[in-house]
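Q: Here it is, the structure in full.
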Amino acid sequence: MLECVLFYLWWCIMDFSVQNNKERKFFKKDFSSVKELLNRVRVALLTGGKVSIKDLELDGIIDFIKGQTFIYISLFQEFNSPIRWGSCRANLEDTINRDIEKLRGYKTFSNFDIKNSEKCRIMLEYVTEQTPVDIGKIVKDKFTDSRFEPGITGIKVVLQNNAYLYMPTDAWVFSQMTLSLAFNTILRKTYIKDMTNRISERIAILRKTPHECYLIKSHTFVTYHDEVLPLYRGNVLYEYSPEEIKNQALAGADWTLKYQKENGQFLYYYDAKEDNYVDHEHPERPADNLYYNDLRHCGGIVTLIRAYQLTGDKKYIEGAKKGLDFSVTLTKEHDYNGKTAGYIFYNKKAKLGGTGMILVAMMKYRNETNDKSYDEYIKMYTRHLLSRIYKTGEILGYYIHPKFQNGQPLVDMTDEERRDTFSFYYPGEALLGLGLVANYFKEDEELTEDVLEKGRLALDWIVDERPKIYADLFTALPSDAWLMQAIEEWATNPDFRKENYINFVLGDAQTMMEHTYTKDDSPYIDYEGGYYYNYGDHFYPDGSRSEGLVGAYYLAKKLGMDEKAQTILEYCRKTAQSQLLLFNSDKNNYAHKNPEKSKGGIRFKATRQWIRVDSIQHVACFYFRLYFAEKGISAK
């Protein structure tokens with residue numbers, strides 16, 4: 003039976019090497035003719051003259067098909083809304099000149115410093131193919147001709163003899179990922195927008211109205227200083243190297259540090275498209291009371307500590323200390339076996355992960371600096387975490403939650419309350435903090451013994467019992483990277499190299515690797531190394547899971563499993579490759595309202611332009627540890 007399942011899975015994996023190699027070959031072409039074309043476009047925009055292309059060798063780059071090859075020219079400049087025009091005339095030259103004419107007619111055209119290629123960037127995008135499709139049959143999770151892939155496929159709708167296009171790169175420019183937003187972008191240009199404000203209703207009206215619909219693909223170029231860059235999914239393509247991940251990780255740490263506030267908080271959220279701090283998960287929060295998260299704050303601290311480990315630059319460790327001092331202000335106390343315990347209380351909650359993460363950050367800071375000024379807090383946080391380990395070994399998710407027991411400490415909980423407040427991720431964060439205490443905090447022998455005893459109980463429960471009790475929380479793609487890192491840390495002690503712990507980490511790592519796109523099992527050349535739950539999913543360039551994967555590498559090395567470690571390391575390189583496209587550089591941030599501010603940040607998704615402190619943390623910390631592995635650098 004198992005052999006049949008494995009054969010079925012193998013059979014379902016498709017091979018796109020032919021079309022992918024064609025795409026890769028395109029990106030290796032000489033684009034000097036496109037560079038010259040865009041130079042002429044710039045001159046024509048300045049002077050109002052016409053562009054001639056008769057002497058340009060554009061065959062094989064722009065193959066114009068009358069009635070199909072719509073060509074769009076866009077202008078980008080900081081603090082200006084982009085302007086764009088697209089058309090499809092009798093030939094390529096007429097089409098380009100029509101776009102230029104219409105761009106010059108924009109009311110805001112004079113706001114663009116056209117002659118300055120350092121400021122005003124010009125993008126050229128043109129349709130290369132179109133496929134008729136029924137709107138109701140467009141898919142997002144199968145590799146077929148009817149798949150909508152954000153940044154790669156666009157949409158063309160012909161309604162009342164007028165063509166409306168959502169170009170593939172619009173997903174990048176407008177910070178979008180979904181089919182519904184793509185259709186809404188089109189329908190806002192039509193009379194249907196006046197019939198209802200609901201996106202779903204607009205699409206339903208379109209489906210009932212005579213129309214034609216096509217999925218389209220394109221090629222895109224954007225100017226960069228005096229160069230021209232070919233774009234894929236609106237972005238530049240990167241090649242993995244240890245130096246590239248080091249540079250991106252340090253840039254992310256620098257971005258985190260640059261926008262740290264005087265009170266130690268980090269810039270929690272930044273929308274690079276809009277140049278604002280409106281969090282998509284908390285959009286109604288006022289500007290003077292934006293949402294902040296104490297766990298992710300600690301992730302920012304760890305990022306700076308990792309940067310310090312690599313560089314020795316004191317600016318990072320000083321920023322980390324400021325971050326620790328902010329967390330200390332959130333500390334509340336209670337009694338644990340006659341001694342003082344401490345926990346982080348923020349947003350009316352005391353989360354297990356909040357105290358776990360500050361303990362992780364403090365221990366890593368202590369290990370790097372030998373600064374023992376936080377030792378009393380380390381003891382208090384440790385006692386609190388121990389107090390949350392139930393007699394069975396289950397680690398309780400919340401100490402205070404406003405929806406339970408009137409917001410009072412959750413000391414005596416019913417089984418239902420324990421289940422309702424259980425967190426899948428907080429126990430791993432807490433166990434990582436406790437593991438660091440067990441291995442490196444030797445100043446309180448009694449406390450250390452308590453940590454060892456209860457740590458073993460908690461590890462046994464979470465590895466052996468959690469999958470039975472909370473089976474519904476597990477997914478096809480493993481997600482408990484914090485626990486993977488925690489077990490790696492505990493395994494520093496030979497007494498904690500238990501088979502069930504090791505099997506959990508290496509088993510999850512194996513599943514992650516099996517749920518990773520390879521070079522040609524998708525039709526997209528940037529998918530390699532991205533994770534998926536089910537084959538055909540939009541890829542997940544995921545730093546958080548990759549922290550667990552690189553933790554599995556270090557665990558295998560500790561155990562002398564060199565062949566396994568090397569296999570995991572190869573996959574770490576692949577997943578790192580997929581995450582390189584999340585980095586904002588001065589090459590790819592052309593559509594950002596404030597490119598100077600967005601530069602160096604690391605985003606959530608391939609086409610979304612959102613940055614959050616933990617979107618930087620997970621990728622950067624994964625990169626730091628991977629770089630240490632590549633260079634043989636020892637770092638705790």
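Each residue of the sequence shown is one higher than the last, beginning at 3 in the working numbering. Idealized CB from N, CA, C, for every residue including glycine.
Do you know whose CA, among E431, L436, I402, G153, lies nearest R420's CA?
A: Taking only the C-alpha atoms, the option nearest R420 is I402.
Q: Taking the beta carbon of W12 as the centre, do at least 16 other beta carbons fall within 10 Å, making it buried, or is it exposed?
A: The predicted position of W12 is uncertain, since its pLDDT is 44 and thus under 50; a value taken from the coordinates is nonetheless stated next. The residue in question, W12, is exposed, as its Cβ has fewer than 16 Cβ neighbours within 10 Å.
Q: Quick check on P212: buried or exposed, where buried means 16 or more other Cβ atoms within 10 Å of its Cβ?
A: The residue is exposed, with fewer than 16 neighbouring Cβ atoms inside 10 Å.
Q: Let's see if you can read the secondary structure: which residues bound the alpha helix (DSSP H) around E245?
A: Where E245 is concerned, the enclosing alpha helix (DSSP H) stretches over 244-260.
Q: Touch check for the region 580-588 and the region 552-566: three-plus C-beta pairs under 8 Å?
A: No, the region 580-588 is not in contact with the region 552-566.
Q: Confirm, please, whether the CB-CB distance from L582 to E246 is below 8 Å.
A: Contact: yes.
Q: Please give the ranges of any beta strand (DSSP E) in the region 331-363, keeping only runs that are unbroken, at least 3 residues long and fully inside the region.
A: Whole beta strand (DSSP E) segments, 3+ residues: 333-338, 341-346.
Q: Just reading off the alpha helix (DSSP H) that D101 is part of, what are its end residues?
A: Per DSSP, D101 belongs to the alpha helix (DSSP H) from 94-106.
Q: For V362, count neighbouring Cβ atoms within 10 angstroms of its own Cβ and tell me buried if that reaches 16, exposed if not.
A: Buried is the call here.
Q: Can you tell me where the alpha helix (DSSP H) holding E652 begins and where it ends?
A: Past the edges of the chain, shown from 3 to 638, lies residue 652, and the structure says nothing about it.
Q: Quick check on DSSP: helix, strand or coil for K210?
A: It is helical.
Q: Can you tell me the Cα-Cα spacing of Y261 and T305, whole angstroms?
A: Y261 and T305: Cα-Cα distance of roughly 14 Å.
Q: Are the CB atoms of F72 and Y128 nearer to each other than 8 Å?
A: In this structure, Y128 lies closer than 8 Å to F72 by Cβ.
Q: Can you tell me whether M382 is buried or exposed? The criterion is at least 16 other CB atoms within 10 Å of its CB, across all chains shown.
A: By the neighbour-count rule (16 or more Cβ atoms within 10 Å), M382 is buried.
Q: Go through its chain and collect everything with a Cβ distance to G532's Cβ below 6 Å, but skip five positions before and after it.
A: Contacts found: Y519, F541, Y542, P543, S580.
Q: Could you spell out the range, first to last residue, of the beta strand (DSSP E) harbouring Q132?
A: Where Q132 is concerned, the enclosing beta strand (DSSP E) stretches over 123-134.
Q: Please confirm if the region 391-406 is in contact with the region 343-363, defined as three or more CB-CB distances below 8 Å between the two stretches.
A: Contact between the region 391-406 and the region 343-363 is present, because at least three Cβ pairs lie under 8 Å.
Q: Going by beta-carbon coordinates alone, are K341 and R385 separated by less than 8 Å?
A: Taking 8 Å as the Cβ cut-off, K341 and R385 qualify as a contacting pair.
Q: Distance cutoff 8 Å, beta carbons only. Does K444 sit that close to anything in chain C?
A: The structure shown contains no chain C; it holds only a single protein chain.
Q: Take A478 as the anchor and find which of E455, M514, L461, T450 has the nearest alpha-carbon.
A: Checked all of E455, M514, L461, T450; the closest Cα to A478 is M514.
Q: If I follow the unbroken alpha helix (DSSP H) through G435, where does it start and stop?
A: Where G435 is concerned, the enclosing alpha helix (DSSP H) stretches over 428-442.
Q: Look at the alpha carbon of F9 and the alpha carbon of G509, and state the distance between them as a whole number of angstroms.
A: Reliability of the predicted coordinates at F9 is poor, the pLDDT of 42 falling under 50, and the value obtained from them is presented with this limitation in mind. Roughly 21 Å between the two C-alpha positions.
Q: What residue range is occupied by the uninterrupted beta strand (DSSP E) comprising V159?
A: Unbroken beta strand (DSSP E) run through V159: 156-161.
Q: State the start and end residues of the unbroken alpha helix (DSSP H) segment that holds V552.
A: First-last of the alpha helix (DSSP H) with V552: 545-560.
Q: Can you round the beta-carbon distance between A1 and Y625 to whole angstroms, since I take them to be within the 8 Å contact cut?
A: The requested residue 1 does not occur in the structure, where the chain is confined to residues 3 to 638.
Q: What residue range is occupied by the uninterrupted beta strand (DSSP E) comprising D273?
A: It spans 271-273 - the beta strand (DSSP E) in which D273 sits, taken as one unbroken run.
Q: Can you give me the Cβ contacts of E59 inside the same chain, cut-off strictly under 6 Å, excluding the 5 residues immediately before and after it?
A: Excluding sequence neighbours, E59 sits near S35.
Q: Nearest by alpha-carbon distance to E490: which of K444, Y537, L561, P480 is it?
A: Comparing Cα-Cα distances from E490 to each of K444, Y537, L561, P480, the minimum goes to L561.
Q: Bridge partners for R614 per DSSP, in chain order?
A: Answer is Y271, bridged to R614.
Q: Where are the alpha helix (DSSP H) runs, 4 residues long or more, that stay fully inside the region 43-76, in chain order?
A: With a minimum length of 4 residues, no continuous alpha helix (DSSP H) run stays inside the region 43-76.
Q: By how many angstroms is the C-alpha of I67 removed from the C-alpha of Q132?
A: If I take the Cα positions, the gap works out to 11 Å.
Q: Can at least three beta-carbon pairs, one atom from the region 237-253 and one from the region 613-628, be found at a separation below 8 Å?
A: Contact holds: three or more Cβ-Cβ distances are below 8 Å.
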